[in-house]
DNA sequence: CGTATCGTTGATCTAGTTCAATAAGCGTGG
DNA sequence: CCACGCTTATTGAACTAGATCAACGATACG
């Protein structure tokens, strides 16, 4: 598919599930804008441990920093069928600051990525399994909502398997299942057949969202 | 100290231990370059849980992304006495690409930050306590080495308390202590009075460093 | 309609937490 | 110089969140 990308600059291209959008250390002269489907960037250990580092949803730039570094660092795989538009670096640089897919927009996406990683470092370091999952669900909801991908009654398509979820929040798949059971039985959400329905966003946020709590005092362990 | 910063653009300024280099949401028209001392960016929960997100060492740009977003997101505190040079955005933009403290250099630092966070998301999500600590020690060693701050025999000044270490690697201070005991008794390192001496870097790397292992197969939980 | 993937459940185990107490450093003022 | 108070390091004992193992049921899909 790399070949396709070379042949058809500024075009749309499609990846089947499990196909790679990027491989480690691959050269990149385009940024992708996901138009449909979900993709994930991950790191894998020889012993099988996997951690998903970044999730790409419809509307996201897939690796905006490629614009600056011209190279992928980690593999990116399609979690569903993915349709993406290729944005050659040149065409991005050519656009006026306030246009769609301009330099400014792409750099903003880099900053957003950086902030999102702040959040996940915190999550993985200091939140419980339930908190992490709630947090993820809220994040997905708000990102999907921002792209107008949430239907009535807070329903949205959530194609991640419980294995995927486990590899995002850094827990085991079995435990993901158990936490989801709890959230379901507490009436916070419904999740079946790749459709997520948030039933009690307030409570979900309370369980998962990180409080502002930017302590002004000297930081020290509790 | 914000006042000092306004009054003396392009100057050096000094922070005592526990003083803030930045507060959440503060406006920033300078990037700092740390000349001496260590600082940390962290997030704190009302219940006392703290996670250090970024560590700034001598030679590092402290929050290069301020150049792009003009604003801090999280508090940054001095872990030791810190001396830092103020680099106003204007002066950075004025420099030629290959100069010290040019736009290019600062953007490279943003990219490095992004990659370092990839690594830590992986660490926190999928590595054991021992692996995380070894990994951190190796990272500190190589960052200090890059700044010529490592003396003979792999000795370097490591001012982090065990509480700090705990809040970086996302485990409890007590457990940090125990893991360090193990590493000491295995003859991998020496650590006393804020001085770290790495005795067996090879073994330490093996325990902590992330193998390339970029699996080419379909990612799935082990 | 058979086969691989995905979800669910129970039982057992363990890495790491929490609590609590003590010891060792270390700066500061008298 | 010493005494005091505070921070940091160390250790043990009890506990728990979450992992691991294993089996089985449900889906989906070619």
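Protein chains in written order, with UniProt numbering: chain A, 1 to 222; chain B, 1 to 222.
Virtual Cβ for every residue (Gly too), placed ideally from N, Cα, C.
Predicted, not measured: the structure shown is a model, and the values here were computed from it.
Quick one: list the residues of chain A neighbouring residue 114(B), beta-carbon separation under 8 Å, in chain order.
The sequence position of residue 114(B) within the second chain is 114, counting from 1. 65, 110, 113, 114, 117, listed in chain order.
Does the beta carbon of residue 122(A) come closer than 8 Å to any beta carbon on chain B?
Numbered from 1 along the first chain, position 122 holds the residue referred to as residue 122(A). Closer than 8 Å: yes.
As an exercise, report each continuous alpha helix (DSSP H) stretch of at least 4 residues that is fully enclosed by the region 21–81 of chain A, in chain order.
As summarised for the region 21–81 of chain A, the continuous alpha helix (DSSP H) elements at least 4 residues long and confined to that stretch are 66–69, given in chain order.
What residues from chain A crowd round residue 180(B), counting only those whose CB sits closer than 7 Å?
Here the question's residue 180(B) lines up with position 180 in the second chain. Residues of chain A passing the Cβ test: none, with the nearest at roughly 15 Å.
How far does the beta strand (DSSP E) with residue 207(A) in it reach, from first residue to last?
Residue 207(A) sits at position 207 when you count from the first residue of the first chain. Segment 201–208 is the alpha helix (DSSP H) holding residue 207(A); no beta strand (DSSP E) there.
Under 8 Å by beta carbon: chain B residues contacting residue 51(A)
By 1-based counting over the first chain, the position of residue 51(A) is 51. Those within 8 Å of residue 51(A) in chain B are 121, 122, 125, 126.
Rounded separation between residue 178(B) and residue 50(A) - CA only
Position 178 of the second chain holds residue 178(B). Position 50 of the first chain holds residue 50(A). Approximately 27 Å between the Cα atoms of the pair.
Looking at C-alpha atoms only, which residue of 52(A), 82(A), 35(A) is the closest neighbour of residue 43(A)?
What you label residue 43(A) is simply residue 43 of the first chain in a count that begins at 1. The candidate whose alpha carbon is nearest that of residue 43(A) is 52(A).
Chain A within 8 Å of residue 68(B), Cβ atoms only:
Counting from one through the second chain, the residue named residue 68(B) turns up at place 68. Output row for residue 68(B): interface = yes.
Is there a C-beta anywhere in chain B that falls below 8 Å from the one on residue 170(A)?
Taking the first chain and counting its residues from 1, the one referred to as residue 170(A) is at position 170. It does; some Cβ of chain B falls within 8 Å.
Residue range of the unbroken alpha helix (DSSP H) whose run includes residue 223(A)
Residue 223(A) lies beyond the residue range present for chain A, which begins at 1 and ends at 222; the question has no answer from this structure.
Distance check for residue 47(B) and residue 97(B), CA to CA, integer angstroms please.
Against the second chain, residue 97(B) aligns to sequence position 97. Against the second chain, residue 47(B) aligns to sequence position 47. Cα-Cα distance, rounded: 46 Å.
Please return the same chain residues whose Cβ sits closer than 8 Å to the Cβ of residue 195(A), not counting the five positions on each side in sequence.
Counted from its first residue, the first chain places residue 195(A) at position 195. Cβ neighbours of residue 195(A) beyond the five flanking positions: 155, 156, 157, 158.
From the DSSP output, which residues share a beta bridge with residue 198(A)?
Numbered from its first residue, the first chain carries residue 198(A) at position 198. Residue 198(A) pairs with 189(A).
Using only the alpha-carbon positions, how far apart do residue 199(B) and residue 121(B) sit?
Walking along the second chain from the start, residue 199(B) turns up at place 199. Walking along the second chain from the start, residue 121(B) turns up at place 121. Looking at the two C-alpha atoms, the distance is approximately 27 Å.
Specify, as a first and last residue, the run of the beta strand (DSSP E) that residue 12(B) falls within.
In the second chain, counting from the first residue as 1, residue 12(B) sits at position 12. Where residue 12(B) is concerned, the enclosing beta strand (DSSP E) stretches over 12–15.
Could you check where the alpha helix (DSSP H) with residue 155(B) kicks off and where it finishes?
Translated into positions along the second chain, residue 155(B) becomes position 155. No alpha helix (DSSP H) holds residue 155(B); the beta strand (DSSP E) holding it covers 155–157.
Boundaries (first-last residue) of the alpha helix (DSSP H) holding residue 125(A)
Walking along the first chain from the start, residue 125(A) turns up at place 125. From DSSP, the alpha helix (DSSP H) with residue 125(A) extends over 103–126.
Using beta carbons (cut-off 8 Å, strictly below), is residue 32(A) in contact with chain B?
As a working mapping, residue 32(A) is identified with position 32 in the first chain. Chain B, which has no Cβ nearer than 8 Å to the Cβ of residue 32(A), makes this no.
To the nearest angstrom, how far is it from the Cα of residue 193(B) to the Cα of residue 62(B)?
In the second chain, counting from the first residue as 1, residue 193(B) sits at position 193. In the second chain, counting from the first residue as 1, residue 62(B) sits at position 62. Roughly 26 Å between the two C-alpha positions.
Taking the beta carbon of residue 94(B) as the centre, do at least 16 other beta carbons fall within 10 Å, making it buried, or is it exposed?
As a working mapping, residue 94(B) is identified with position 94 in the second chain. With fewer than 16 Cβ atoms within 10 Å of its Cβ, residue 94(B) is classed as exposed.
Hey, could you find the ends of the alpha helix (DSSP H) residue 89(B) is sitting in?
In the second chain, the residue the question calls residue 89(B) occupies position 89. From DSSP, the alpha helix (DSSP H) with residue 89(B) extends over 89–94.
Cβ contact (3+ pairs, closer than 8 Å) linking the region 13–29 of chain B and the region 109–116 of chain A:
A contact is defined here as three or more CB-CB pairs under 8 Å, and the region 13–29 of chain B fails this definition with respect to the region 109–116 of chain A.
Within chain B, partners of residue 73(A) - CB distance below 9 Å:
Here residue 73(A) corresponds to residue number 73 of the first chain, with the count starting at 1. The contacting residues are 114, 115, 118.
Segment limits, alpha helix (DSSP H) that includes residue 166(B):
Stepping through the second chain from its first residue, residue 166(B) is reached at position 166. Segment 162–169, the alpha helix (DSSP H) holding residue 166(B).
Taking CB distances under 8 Å as the criterion, tell me whether residue 21(A) reaches chain B.
Numbered from 1 along the first chain, position 21 holds the residue referred to as residue 21(A). Chain B contact via Cβ: absent.
Burial state of residue 229(B), where buried means 16 or more other Cβ atoms lie within 10 Å
For residue 229(B) there is no data in the structure shown, the boundaries of chain B being 1 and 222.
Look at residue 80(A) and residue 147(A) and say whether their C-beta atoms are less than 8 Å apart.
Counted from its first residue, the first chain places residue 80(A) at position 80. Counted from its first residue, the first chain places residue 147(A) at position 147. Not in contact: residue 80(A) and residue 147(A) (Cβ atoms no closer than 8 Å).
Spatial distance of residue 70(B) from residue 181(A) (CA atoms)
Translated into the one-based positions of the second chain, residue 70(B) becomes position 70. Translated into the one-based positions of the first chain, residue 181(A) becomes position 181. Taking the straight line from one Cα to the other gives about 43 Å.
Going by DSSP in three states, residue 18(B) sits in which element: helix, strand or coil?
Within the second chain, residue 18(B) is the residue found at index 18, counting from 1. In this structure, residue 18(B) counts as coil in the three-state DSSP scheme.
Taking the alpha carbon of residue 115(A) as the reference point, which residue from 103(A), 163(A), 139(A) has its own alpha carbon closest?
Residue 115(A) sits at position 115 when you count from the first residue of the first chain. Out of 103(A), 163(A), 139(A), 139(A) has the C-alpha closest to the C-alpha of residue 115(A).
Using CA atoms only, rank isn't needed, just tell me which of 131(A), 92(A), 153(A), 64(A) is closest to residue 203(A).
Position 203 of the first chain, counted from the start, is the residue given in the question as residue 203(A). Measuring from the Cα of residue 203(A), the nearest candidate turns out to be 131(A).
Whole angstroms is fine: what's the gap from residue 11(B)'s alpha carbon to residue 24(B)'s?
Reading the second chain from its first residue, position 11 is the one you call residue 11(B). Reading the second chain from its first residue, position 24 is the one you call residue 24(B). If I take the Cα positions, the gap works out to 23 Å.
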